Amino acid sequence: MEIDSDFFLAALPVGPERLPLKVTYRTRATPRQQDKDLGSVVFLSWEPRRLHALINGLGFKREIRSRRAGAWQETVEFVTENAVYMEVDGKPHSLVFLSPLPNSRLLLRARGSFILDELTVRAVAPDEVPDLTRYVEALESVPPEHRKGTVALPQIAPGSAHKEVTATFYD
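Residue numbering for the sequence shown is 16 to 186, as defined by our numbering.
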């Protein structure tokens with residue numbers, strides 16, 4: 016499917032009762048994106064939801080840019096009852112801790128100009144979800160009085176495009 020939009024949403028036909036989930040898809044820049052050097056992003060989110068914390072800086076910057084023209088990016092997102100963990104091209108990318116609110120739907124959100132291919136959604140056993148313990152421990156190590164805004168998590172090594180791993184707290 017080719018997407019060219021400033022704000023694209025697609026509801027996936029699954030609810031919290033089917034968790035955990037493994038969602039996989041591939042993305043590639045379109046000629047329009049390559050010509051304009053536009054950035055594109057794709058990610059999953061529950062709506063409505065309550066955000067708790069977002070961990071960034073685990074991998075490279077997620078934008079699908081013309082520097083990757085013609086190359087497919089493979090994305091895997093694991094959805095649990097309180098987190099969405101993303102890997103891109105086999106490497107950790109980001110992790111968001113959230114709580115779906117009553118009547119939440121899992122949405123695929125996107126912006127930009129790209130091709131989305133091979134979208135699969137399947138329920139998995141809990142032991143198939145990557146171990147997120149070190150990320151939870153890193154968040155818990157931040158004193159409660161500092162859990163506002165964005166803070167560094169020095170105990171987690173940053174990805175290649177980042178100087179540090181950070182957590183943004185929303186509660």
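Ideal placement from N, C-alpha and C gives every residue a C-beta, glycine not left out. Note that this is a predicted model, so its numbers are computed, not measured.
Find the nearest neighbour of residue i within the set the options, judged by alpha-carbon distance.
| i | options | result |
| --- | --- | --- |
| T39 | R120, T148, T90 | T90 |
| F184 | I70, V57, L59 | I70 |
| F22 | F58, R162, R41 | F58 |
| A153 | L131, E143, F112 | F112 |
| Y100 | S119, Q88, R43, Y150 | Y150 |
| D142 | T95, A125, R162, H161 | T95 |
Within 10 angstroms of its Cβ, does residue i collect 16 or more other Cβ (buried), or is it exposed?
| i | result |
| --- | --- |
| E155 | exposed |
| R82 | Only weak support exists for where R82 lies, its pLDDT of 45 falling under 50; the value from the coordinates is given anyway. Answer is exposed; the Cβ neighbour count stays below 16. |
| I79 | Low confidence applies to I79: its pLDDT is 45, below 50, so where it sits in the model is not reliable, and the reading given next is rough at best. Buried, because 16 or more other Cβ atoms sit within 10 Å of the Cβ of I79. |
| H108 | buried |
| A140 | exposed |
| L110 | buried |
| T45 | buried |
| M93 | Note that residue 93 is Phe in the sequence shown here, rather than Met. Flag for F93 reads buried. |
| P115 | buried |
Could you tell me whether the Cβ atoms of residue i and residue j are closer together than 7 Å?
| i | j | result |
| --- | --- | --- |
| D19 | S175 | no |
| H177 | G72 | yes |
| A26 | L122 | yes |
| A138 | L36 | yes |
| R41 | D132 | yes |
| R124 | W87 | no |
Give the straight-line distance between the Cα atoms of residue i and residue j, rounded to the nearest whole angstrom.
| i | j | result |
| --- | --- | --- |
| T181 | G85 | 31 Å |
| E17 | W61 | 23 Å |
| P117 | G30 | 10 Å |
| G74 | E179 | 10 Å |
| P28 | S119 | 11 Å |
Contact between the stretch 166-178 and the stretch 59-66 (3+ Cβ pairs under 8 Å): no
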